[in-house]
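Asks:
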Amino acid sequence: MRHTKTILFALICLLLTSPAEAGLSVAVSIKPVHSLVAAVMDGVGEPSLIVKGSRSPHSYSLKPSDARALSRADVVIWMGPDMELFLQKPIGALSSRSKVITLIEVKSGDPHLWLSPKLAISMVSKIALALIKTDPANTDSYKSNANALTDRLRALQAYGMGKLSAIAKEPFLVFHDAWSHFARSFGLSIAGAVALSPERPAGAKQVSTIRRLIGESGARCLFREPQFKSPLLSSILEDHKKMRVFELDPLGAAYKPGPTLYFKMMETNIDAVASCLQ
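Numbering (the numbering used here), first residue to last: 303 to 580.
1. Can you tell me which of the three DSSP states E323 falls into?
2. So which of K465, G345, R546, A430 has the shortest CA-CA distance to I572?
3. With DSSP as the reference, label W380 as helix, strand or coil.
4. Pull up the distance between the alpha-carbon of L338 and that of A448, whole angstroms please.
5. Would Y461 pass as a contact of V342 if the rule is Cβ separation under 8 Å?
6. Just confirm the distance between the C-beta atoms of F484 and S418, as a whole number of angstroms; I'd bet it's less than 8 Å.
7. So, with DSSP's three-state summary, where would you put S526?
8. First and last residue of the beta strand (DSSP E) that includes A329?
9. On the three-state DSSP scale, how would you describe T441?
10. Just tell me which of P359, R399, F388 has its CA closest to the CA of S376.
11. Name, in chain order, the residues that DSSP records as bridge partners for S350.
12. Have a look at F525 and P438 and give me their C-alpha separation to the nearest angstrom.
13. Just the C-alpha distance for C578 and V353, rounded to the nearest angstrom, thanks.
14. How long is the line joining the alpha carbons of S388 and D368, rounded to whole angstroms?
15. Please list the terminal residues of the continuous alpha helix (DSSP H) segment that includes F477.
16. For K333 and T562, what's the separation of their Cα atoms in angstroms?
17. Determine which residues share a DSSP beta bridge with G494 and list them.
18. Does I403 come out as helix, strand or coil in the three-state DSSP assignment?
19. Would you list the one or two residues that DSSP bridges to R546?
20. What residues in its chain sit with their C-beta under 8 Å from that of I393, if we drop five residues either side in the sequence?
21. Suppose the cutoff is 6 Å on Cβ atoms and the five residues either side in sequence are ignored; what does the same chain contact list for G345 look like?
22. Is H305 helix, strand or coil by DSSP?
23. On the criterion of 16 or more Cβ atoms from any shown chain inside 10 Å, does H414 qualify as buried, or is it exposed?
24. Let me check understanding here. Comparing Cα to Cα, which of V328, F488, A329, I423 lies closest to R456?
25. Can you find the residues in the same chain that come closer than 6 Å, C-beta to C-beta, to L326, ignoring five residues on each side of it along the sequence?
26. Please identify the residue among S482, I469, K420 whose C-alpha is closest to the C-alpha of G582.
27. Helix or strand or just coil, what does DSSP make of R357?
28. On a Cα-Cα basis, can you pick out the residue from Q508, S331, H360, S356 that is closest to P349?
29. For K420, collect the residues of the same chain with a Cβ closer than 7 Å to its Cβ; drop the 5 residues on either side in sequence, then sort them by chain order.
Structural data, given as C-alpha coordinates:
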(Lines of atoms letter the chains of each structure in order from A and count residues from 1; the text may use other names and numbers.)
(Lines give C-alpha, C1' and ligand atoms only; values in the text may rest on other atoms or scores of the structure.)
Protein backbone atom coordinates (compact mmCIF):
# COMPACT_ATOMS: atom_id res chain seq x y z
CA MET A 1 0.00 0.00 0.00
CA ARG A 2 2.79 2.36 0.93
CA HIS A 3 4.59 1.53 -2.32
CA THR A 4 1.41 2.26 -4.29
CA LYS A 5 1.03 5.67 -2.61
CA THR A 6 4.63 6.52 -3.49
CA ILE A 7 4.03 5.72 -7.15
CA LEU A 8 0.81 7.77 -7.21
CA PHE A 9 2.59 10.73 -5.59
CA ALA A 10 5.36 10.54 -8.21
CA LEU A 11 2.82 10.48 -11.03
CA ILE A 12 0.96 13.48 -9.63
CA CYS A 13 4.22 15.43 -9.38
CA LEU A 14 5.05 14.56 -12.98
CA LEU A 15 1.66 15.76 -14.21
CA LEU A 16 1.92 19.00 -12.27
CA THR A 17 5.42 19.80 -13.49
CA SER A 18 5.51 23.10 -15.42
CA PRO A 19 7.03 23.35 -18.93
CA ALA A 20 10.06 25.18 -17.56
CA GLU A 21 10.73 22.49 -14.95
CA ALA A 22 10.25 19.63 -17.40
CA GLY A 23 12.23 21.36 -20.10
CA LEU A 24 10.44 23.44 -22.72
CA SER A 25 9.81 21.46 -25.91
CA VAL A 26 10.09 23.60 -29.05
CA ALA A 27 9.72 22.38 -32.63
CA VAL A 28 10.91 24.55 -35.54
CA SER A 29 10.20 24.08 -39.23
CA ILE A 30 13.36 24.98 -41.22
CA LYS A 31 17.08 25.38 -40.59
CA PRO A 32 17.50 29.19 -40.69
CA VAL A 33 14.59 29.78 -38.32
CA HIS A 34 15.76 26.88 -36.12
CA SER A 35 19.18 28.57 -35.92
CA LEU A 36 17.67 31.81 -34.64
CA VAL A 37 15.47 29.95 -32.13
CA ALA A 38 18.47 27.89 -30.96
CA ALA A 39 20.41 31.11 -30.31
CA VAL A 40 17.56 32.59 -28.26
CA MET A 41 17.29 29.32 -26.29
CA ASP A 42 21.03 28.96 -25.73
CA GLY A 43 21.69 27.68 -22.20
CA VAL A 44 18.02 26.84 -21.65
CA GLY A 45 17.28 24.05 -24.12
CA GLU A 46 17.59 22.89 -27.71
CA PRO A 47 14.72 23.14 -30.22
CA SER A 48 13.96 20.21 -32.52
CA LEU A 49 14.18 20.64 -36.30
CA ILE A 50 11.55 19.28 -38.68
CA VAL A 51 13.05 19.76 -42.18
CA LYS A 52 16.53 18.28 -41.84
CA GLY A 53 19.47 17.92 -44.21
CA SER A 54 19.28 19.62 -47.60
CA ARG A 55 15.57 19.03 -48.09
CA SER A 56 13.35 21.86 -49.30
CA PRO A 57 10.14 22.75 -47.41
CA HIS A 58 8.47 23.21 -50.80
CA SER A 59 8.61 19.46 -51.47
CA TYR A 60 8.85 18.02 -47.95
CA SER A 61 6.52 15.32 -46.64
CA LEU A 62 5.94 15.02 -42.92
CA LYS A 63 7.47 11.87 -41.39
CA PRO A 64 6.02 9.98 -38.37
CA SER A 65 8.95 11.22 -36.25
CA ASP A 66 8.14 14.79 -37.29
CA ALA A 67 4.49 14.31 -36.36
CA ARG A 68 5.52 13.01 -32.93
CA ALA A 69 7.82 16.01 -32.36
CA LEU A 70 4.97 18.35 -33.28
CA SER A 71 2.46 16.63 -31.01
CA ARG A 72 4.83 16.79 -28.04
CA ALA A 73 5.91 20.41 -28.55
CA ASP A 74 4.93 23.15 -26.12
CA VAL A 75 5.81 25.68 -28.83
CA VAL A 76 5.81 25.25 -32.62
CA ILE A 77 7.55 27.93 -34.70
CA TRP A 78 7.17 28.17 -38.48
CA MET A 79 7.09 30.86 -41.14
CA GLY A 80 3.56 30.08 -42.33
CA PRO A 81 1.66 28.19 -45.05
CA ASP A 82 3.21 30.28 -47.84
CA MET A 83 6.56 28.73 -46.93
CA GLU A 84 5.79 25.36 -45.29
CA LEU A 85 2.45 24.32 -46.78
CA PHE A 86 3.04 20.70 -45.70
CA LEU A 87 2.71 21.81 -42.07
CA GLN A 88 -0.60 23.62 -42.38
CA LYS A 89 -2.89 20.65 -41.68
CA PRO A 90 -0.70 19.02 -38.98
CA ILE A 91 -0.44 22.32 -37.13
CA GLY A 92 -4.18 22.84 -37.44
CA ALA A 93 -4.71 19.46 -35.80
CA LEU A 94 -2.56 20.19 -32.74
CA SER A 95 -4.16 20.38 -29.33
CA SER A 96 -4.71 23.75 -27.67
CA ARG A 97 -1.79 22.93 -25.36
CA SER A 98 0.71 23.71 -28.13
CA LYS A 99 1.44 27.39 -28.77
CA VAL A 100 1.95 28.03 -32.51
CA ILE A 101 4.10 31.00 -33.58
CA THR A 102 3.64 32.05 -37.21
CA LEU A 103 6.42 34.43 -38.22
CA ILE A 104 4.84 35.76 -41.43
CA GLU A 105 2.34 38.26 -40.08
CA VAL A 106 1.35 39.77 -43.43
CA LYS A 107 1.41 37.98 -46.78
CA SER A 108 4.28 39.55 -48.73
CA GLY A 109 4.63 37.42 -51.87
CA ASP A 110 8.13 36.27 -50.88
CA PRO A 111 8.07 34.29 -47.61
CA HIS A 112 11.87 34.15 -47.22
CA LEU A 113 11.93 36.95 -44.64
CA TRP A 114 14.95 35.63 -42.75
CA LEU A 115 17.23 36.49 -45.69
CA SER A 116 17.10 40.09 -44.51
CA PRO A 117 19.02 40.67 -41.26
CA LYS A 118 16.68 43.59 -40.56
CA LEU A 119 13.61 41.36 -40.76
CA ALA A 120 15.42 38.63 -38.82
CA ILE A 121 15.71 41.08 -35.92
CA SER A 122 11.92 41.40 -35.85
CA MET A 123 11.63 37.61 -35.99
CA VAL A 124 13.97 37.24 -33.01
CA SER A 125 11.88 39.69 -31.01
CA LYS A 126 8.71 37.70 -31.70
CA ILE A 127 10.44 34.37 -30.91
CA ALA A 128 11.82 35.68 -27.60
CA LEU A 129 8.44 37.09 -26.55
CA ALA A 130 6.70 33.76 -27.27
CA LEU A 131 9.30 31.81 -25.29
CA ILE A 132 9.09 34.20 -22.35
CA LYS A 133 5.30 33.93 -22.23
CA THR A 134 5.47 30.14 -22.34
CA ASP A 135 8.47 29.74 -20.03
CA PRO A 136 8.65 32.84 -17.77
CA ALA A 137 11.12 31.17 -15.40
CA ASN A 138 13.84 31.65 -18.03
CA THR A 139 12.93 35.22 -18.99
CA ASP A 140 16.36 36.66 -18.20
CA SER A 141 18.14 34.08 -20.40
CA TYR A 142 15.79 34.61 -23.33
CA LYS A 143 16.11 38.40 -23.09
CA SER A 144 19.89 38.32 -22.80
CA ASN A 145 20.25 35.88 -25.71
CA ALA A 146 17.84 37.87 -27.89
CA ASN A 147 19.75 41.10 -27.22
CA ALA A 148 23.07 39.46 -28.10
CA LEU A 149 21.55 37.93 -31.24
CA THR A 150 20.14 41.30 -32.29
CA ASP A 151 23.60 42.84 -31.95
CA ARG A 152 25.04 40.07 -34.16
CA LEU A 153 22.33 40.63 -36.76
CA ARG A 154 23.08 44.36 -36.85
CA ALA A 155 26.75 43.54 -37.32
CA LEU A 156 25.81 41.14 -40.14
CA GLN A 157 23.80 43.90 -41.83
CA ALA A 158 26.82 46.20 -41.58
CA TYR A 159 29.07 43.45 -42.97
CA GLY A 160 26.78 42.99 -45.95
CA MET A 161 26.57 46.71 -46.66
CA GLY A 162 30.34 46.96 -46.51
CA LYS A 163 30.75 44.13 -49.04
CA LEU A 164 27.89 45.03 -51.38
CA SER A 165 27.20 48.78 -51.34
CA ALA A 166 29.75 49.55 -54.08
CA ILE A 167 28.14 47.02 -56.48
CA ALA A 168 24.52 47.50 -55.45
CA LYS A 169 23.45 48.81 -58.88
CA GLU A 170 24.85 45.83 -60.78
CA PRO A 171 21.87 43.78 -62.07
CA PHE A 172 21.77 40.02 -61.55
CA LEU A 173 19.40 37.09 -62.05
CA VAL A 174 18.25 34.48 -59.54
CA PHE A 175 17.07 30.95 -60.18
CA HIS A 176 14.34 30.96 -57.55
CA ASP A 177 12.24 34.01 -56.70
CA ALA A 178 13.32 33.98 -53.05
CA TRP A 179 15.75 36.85 -52.74
CA SER A 180 13.66 40.03 -52.70
CA HIS A 181 14.17 40.64 -48.95
CA PHE A 182 17.89 39.92 -49.22
CA ALA A 183 18.19 42.36 -52.13
CA ARG A 184 16.13 45.04 -50.39
CA SER A 185 18.14 44.74 -47.20
CA PHE A 186 21.40 45.47 -49.02
CA GLY A 187 20.05 47.71 -51.81
CA LEU A 188 20.75 45.19 -54.58
CA SER A 189 19.22 45.06 -58.06
CA ILE A 190 17.55 41.79 -59.11
CA ALA A 191 16.80 41.83 -62.84
CA GLY A 192 14.54 38.76 -62.76
CA ALA A 193 14.02 35.13 -61.75
CA VAL A 194 14.63 32.10 -63.98
CA ALA A 195 11.78 30.18 -62.30
CA LEU A 196 8.95 31.74 -60.31
CA SER A 197 8.70 28.79 -57.94
CA PRO A 198 10.09 25.25 -57.58
CA GLU A 199 6.59 23.85 -58.17
CA ARG A 200 6.25 25.53 -61.56
CA PRO A 201 9.28 24.82 -63.76
CA ALA A 202 9.84 27.09 -66.73
CA GLY A 203 8.03 26.12 -69.94
CA ALA A 204 9.04 26.93 -73.52
CA LYS A 205 7.40 30.36 -73.45
CA GLN A 206 9.06 31.30 -70.18
CA VAL A 207 12.45 30.06 -71.40
CA SER A 208 12.11 32.40 -74.36
CA THR A 209 11.16 35.24 -72.02
CA ILE A 210 14.13 34.53 -69.76
CA ARG A 211 16.55 34.49 -72.68
CA ARG A 212 15.23 37.87 -73.74
CA LEU A 213 15.47 39.11 -70.16
CA ILE A 214 19.11 38.04 -69.94
CA GLY A 215 19.91 39.92 -73.11
CA GLU A 216 18.04 43.06 -72.13
CA SER A 217 18.97 43.22 -68.43
CA GLY A 218 22.70 43.46 -68.87
CA ALA A 219 23.10 40.97 -66.00
CA ARG A 220 26.35 39.01 -65.93
CA CYS A 221 25.59 36.89 -62.87
CA LEU A 222 22.97 34.22 -62.27
CA PHE A 223 22.55 32.71 -58.82
CA ARG A 224 21.18 29.18 -58.51
CA GLU A 225 20.35 27.23 -55.37
CA PRO A 226 21.51 23.76 -54.25
CA GLN A 227 17.91 22.63 -53.64
CA PHE A 228 16.69 23.37 -57.17
CA LYS A 229 18.73 22.07 -60.07
CA SER A 230 17.27 22.73 -63.51
CA PRO A 231 18.23 20.85 -66.68
CA LEU A 232 17.02 23.93 -68.57
CA LEU A 233 19.78 26.09 -67.17
CA SER A 234 22.46 25.11 -69.70
CA SER A 235 19.94 25.52 -72.52
CA ILE A 236 18.94 28.96 -71.32
CA LEU A 237 22.56 30.09 -71.11
CA GLU A 238 23.84 28.58 -74.35
CA ASP A 239 23.75 31.96 -76.08
CA HIS A 240 25.21 33.78 -73.07
CA LYS A 241 28.60 32.18 -72.52
CA LYS A 242 29.85 35.10 -70.42
CA MET A 243 27.12 34.68 -67.80
CA ARG A 244 28.66 33.70 -64.46
CA VAL A 245 26.75 31.14 -62.38
CA PHE A 246 27.22 31.16 -58.60
CA GLU A 247 25.33 29.39 -55.83
CA LEU A 248 23.18 31.00 -53.16
CA ASP A 249 21.58 28.95 -50.42
CA PRO A 250 18.53 30.31 -48.57
CA LEU A 251 18.23 27.30 -46.24
CA GLY A 252 21.75 26.54 -45.01
CA ALA A 253 21.70 23.09 -46.59
CA ALA A 254 25.43 22.50 -46.18
CA TYR A 255 25.61 23.43 -42.50
CA LYS A 256 24.96 21.56 -39.27
CA PRO A 257 21.85 22.83 -37.48
CA GLY A 258 22.50 25.13 -34.58
CA PRO A 259 22.86 28.77 -33.49
CA THR A 260 25.78 29.52 -35.84
CA LEU A 261 24.14 28.18 -39.02
CA TYR A 262 22.27 31.39 -39.84
CA PHE A 263 25.40 33.54 -39.80
CA LYS A 264 27.52 31.07 -41.76
CA MET A 265 24.79 30.82 -44.40
CA MET A 266 24.27 34.58 -44.69
CA GLU A 267 27.97 35.46 -44.79
CA THR A 268 28.53 32.83 -47.51
CA ASN A 269 25.65 34.26 -49.56
CA ILE A 270 26.92 37.82 -49.14
CA ASP A 271 30.43 36.77 -50.18
CA ALA A 272 29.07 34.89 -53.23
CA VAL A 273 27.17 37.94 -54.47
CA ALA A 274 30.20 40.15 -53.90
CA SER A 275 32.51 37.73 -55.75
CA CYS A 276 30.23 37.43 -58.78
CA LEU A 277 29.33 41.09 -59.19
CA GLN A 278 32.78 42.59 -58.61
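For glycine and all other residues, C-beta sits at the position ideal for the given N, C-alpha and C.
Replies: Taking the definition as stated:
1. Confidence at E323 is low in this model, with a pLDDT of 44, below 50, so the placement of that residue is unreliable and no value is reported for it.
2. Closest option to I572, Cα to Cα, is K465.
3. Looking at W380 - three-state DSSP - the assignment turns out to be strand.
4. Using only the alpha carbons, I get a separation of about 9 Å.
5. No, the Cβ-Cβ distance between Y461 and V342 is not below 8 Å.
6. Indeed they touch by this definition, with Cβ atoms about 6 Å apart.
7. Reading the sequence as shown, one finds Arg at residue 526 and not Ser. Of the three classes helix, strand and coil, the one that applies to R526 here is strand, per DSSP.
8. Taken as a continuous stretch (DSSP letters only), the beta strand (DSSP E) holding A329 covers 328-330.
9. Residue state, collapsed to three classes: helix.
10. In the sequence as presented, Ser is not what sits at residue 376; that position holds Asp. The residue with the shortest Cα to Cα distance from D376 is R399.
11. Answer by DSSP bridge pairing, in chain order: A329.
12. Taking the CA atoms as reference points, F525 sits about 43 Å from P438.
13. Spanning the two alpha carbons is a distance of roughly 30 Å.
14. Inspection of the sequence shows that residue 388 is occupied by Phe rather than by Ser. Looking at the two C-alpha atoms, the distance is approximately 11 Å.
15. According to the DSSP assignment, F477 belongs to no alpha helix (DSSP H) but to the beta strand (DSSP E) extending over 473-478.
16. Inter-residue distance for K333 and T562 is about 11 Å (C-alpha atoms, whole angstroms).
17. DSSP output for G494 lists L475 as bridge partner(s).
18. DSSP, reduced to helix, strand and coil, places I403 within a strand of the structure shown.
19. C523, per the DSSP bridge assignment.
20. Only L372, V378, W380, V402 meet the Cβ criterion.
21. The residues are S443.
22. With a pLDDT of 47 at H305, under the threshold of 50, the modelled position of that residue is not reliable, and the figure given next carries that caveat. H305 falls in the helix class under three-state DSSP.
23. That one is buried.
24. It is I423.
25. Excluding its 5 nearest sequence neighbours in each direction, L326 has C-beta neighbours in its own chain below 6 Å: G347, D376, D437, listed in chain order.
26. Outside the modelled stretch of the chain, which goes from 303 to 580, sits residue 582, for which no answer is possible.
27. Three-state result, R357: coil.
28. The shortest Cα separation from P349 among Q508, S331, H360, S356 belongs to S331.
29. Answer for K420: Q459, S487, listed in chain order.
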